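The sequence shown begins at 36 in my numbering and counts up by one.
Structure record follows, encoded as structure tokens.
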Amino acid sequence: MPLLRIDEPSPGVALGLWRITEQASDLPRPQVADLTAYHGGRLLEKLVTYALLRQMTGHDDWVIGHESSGKPFLDSLHISVSHTRGWAALMLSAEHEVAVDIEYVSDRVGRVARRFMREDEDSGSLRSQLICWSAKETTYKFFADDRLAFCDMRMTSLGLAGQGTLVVENLPRERSLPVCYALTADYVLTWAVGE
Numbered sequence: 036m037p038l039l040r041i042d043e044p045s046p047g048v049a050l051g052l053w054r055i056t057e058q059a060s061d062l063p064r065p066q067v068a069d070l071t072a073y074h075g076g077r078l079l080e081k082l083v084t085y086a087l088l089r090q091m092t093g094h095d096d097w098v099i100g101h102e103s104s105g106k107p108f109l110d111s112l113h114i115s116v117s118h119t120r121g122w123a124a125l126m127l128s129a130e131h132e133v134a135v136d137i138e139y140v141s142d143r144v145g146r147v148a149r150r151f152m153r154e155d156e157d158s159g160s161l162r163s164q165l166i167c168w169s170a171k172e173t174t175y176k177f178f179a180d181d182r183l184a185f186c187d188m189r190m191t192s193l194g195l196a197g198q199g200t201l202v203v204e205n206l207p208r209e210r211s212l213p214v215c216y217a218l219t220a221d222y223v224l225t226w227a228v229g230e
């Protein structure tokens, strides 16, 4: 199983990353979660998520539920989940609200940039567009109850290093969220941790 890594980006927070190379039949089925409604790629994503959860917690009997907003939850931990072509990310904390997003690197982001970028944001390069998209997805997850539109979020700072921290504003709430990012040749990973 290609668990890539489990990091602790801040105290009390775990971030797991999985490179999806398996078929669904290669992965164990969770003992208690009912996945009969899922097939194909969605089933594979669910199985990888549970495998990653098991690797990160040692538990194979936890069920991930979903709020009406679609936000995942566990009874004992804050959780955030993200999938993209070939990758899965999972973030957990007992103490802090968390959010994570992962996006594979592709020029597709340039074709849809006008849907998620504001006129007052830097949309010059593919890298900045990809980081912005993923950071806004992370922000959306963090403020799930707000059901933000992309135009309700503004990225206020961005350095184009391989990793760093930027700030995304939740404009309706007038609240800023620091979002960390890591950009590789294969994916961009963004995450946020509440106070």
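We put the beta carbon where it would ideally sit given N, CA and C, even for glycine.
These figures come from a predicted structure and were not determined experimentally.
Are the CB atoms of residue 212 and residue 196 nearer to each other than 7 Å?
-> One-based indexing of the sequence shown puts residue 212 at position 177. One-based indexing of the sequence shown puts residue 196 at position 161. Not in contact: residue 212 and residue 196 (Cβ atoms no closer than 7 Å).
Indicate whether residue 185 and residue 134 have their beta-carbon atoms separated by less than 7 Å.
-> Along the sequence shown, one-based indexing puts residue 185 at 150. Along the sequence shown, one-based indexing puts residue 134 at 99. Between residue 185 and residue 134, the CB-CB gap reaches or exceeds 7 Å.
Roughly how many angstroms lie between the CA atoms of residue 90 and residue 66, to the nearest whole one?
-> Position 55 of the sequence shown, counted from the first residue, corresponds to residue 90. Position 31 of the sequence shown, counted from the first residue, corresponds to residue 66. Each residue's alpha carbon lies about 15 Å from the other.
Would you call the stretch 120-136 and the stretch 49-57 in contact, with 3 or more CB pairs under 8 Å?
-> With the cut-off at 8 Å, the stretch 120-136 and the stretch 49-57 touch.
Exposed unless 16 or more other CB atoms sit within 10 angstroms - verdict on residue 39 | As a first step, residue 39 is located in the sequence shown; it is residue number 4 there, counting from the start. Per the 10 Å Cβ criterion, exposed.
Does the separation of the CB atoms of residue 163 and residue 155 fall below 7 Å?
-> If you number the sequence shown from 1, residue 163 lands on position 128. If you number the sequence shown from 1, residue 155 lands on position 120. No, Cβ-Cβ distance for residue 163 and residue 155 is not below 7 Å.
Would you mind giving the Cβ-Cβ distance between residue 223 and residue 165, rounded to the nearest angstrom? I have them listed as a contact below 8 Å.
-> Looking up residue 223 in the sequence shown gives position 188. Looking up residue 165 in the sequence shown gives position 130. Yes, they are in contact, since the Cβ atoms of residue 223 and residue 165 sit about 5 Å apart, within 8 Å.
In three-state terms, what does DSSP make of residue 91?
-> In the sequence shown, residue 91 corresponds to position 56, counting from 1. Residue state, collapsed to three classes: helix.
Taking the runs of the beta strand (DSSP E) that are 3 residues or longer, which of them lie wholly in the stretch 173-203?
-> DSSP assignment within the stretch 173-203 yields the following whole beta strand (DSSP E) runs of 3 residues or more, N-terminal first: 188-192.
Rank 175, 120, 218, 216 by C-alpha distance to the C-alpha of residue 104 and give the top, closest one.
-> As a working note, residue 104 is residue 69 in the sequence shown. For the residues 175, 120, 218, 216, the minimum Cα distance to residue 104 belongs to 175.
In whole angstroms, what separates the C-alpha of residue 82 from that of residue 54?
-> The residue you call residue 82 lines up with position 47 of the sequence shown. The residue you call residue 54 lines up with position 19 of the sequence shown. Counting only the Cα atoms, residue 54 lies some 13 Å from residue 82.
So which of 146, 159, 149, 96 has the shortest CA-CA distance to residue 233?
-> What is shown of the chain runs 36 to 230, which leaves residue 233 out entirely.
Exposure of residue 110, with buried meaning 16 or more beta-carbon neighbours within 10 Å = The count along the sequence shown starts at 1 and reaches residue 110 at position 75. Label assigned to residue 110: exposed.
Pick from 214, 220, 221: whose alpha carbon is nearest that of residue 44?
-> Locating residue 44 in the sequence shown gives position 9, where the first residue counts as 1. If we check each option's Cα against that of residue 44, 214 comes out closest.
Using 10 angstroms around the beta-carbon of residue 147, count the other beta-carbons present and answer buried if the total reaches 16, otherwise exposed.
-> If you number the sequence shown from 1, residue 147 lands on position 112. That one is exposed.
Name the residue from 114, 75, 198 whose alpha carbon lies nearest to the alpha carbon of residue 88.
-> If you number the sequence shown from 1, residue 88 lands on position 53. Selected option, being the one with the closest Cα: 114.
What residue range is occupied by the uninterrupted beta strand (DSSP E) comprising residue 51?
-> The residue you call residue 51 lines up with position 16 of the sequence shown. It spans 48-54 - the beta strand (DSSP E) in which residue 51 sits, taken as one unbroken run.
According to DSSP, is residue 166 helix, strand or coil?
-> The residue given as residue 166 occupies position 131 in the sequence shown. Reduced to three states, the DSSP call for residue 166 is helix.
Near residue 168, what residues of its chain come up, given a Cβ to Cβ distance below 7 Å and the 5 sequence neighbours on each side ignored?
-> In the sequence shown, the residue the question calls residue 168 occupies position 133. For residue 168, where only same-chain residues beyond five positions count, the Cβ hits under 7 Å are 138, 144, 151.
Within 7 Å, strictly: CB atoms of residue 217 and residue 198 = To locate residue 217, count along the sequence shown from 1; it is residue 182. To locate residue 198, count along the sequence shown from 1; it is residue 163. Closer than 7 Å, so yes.
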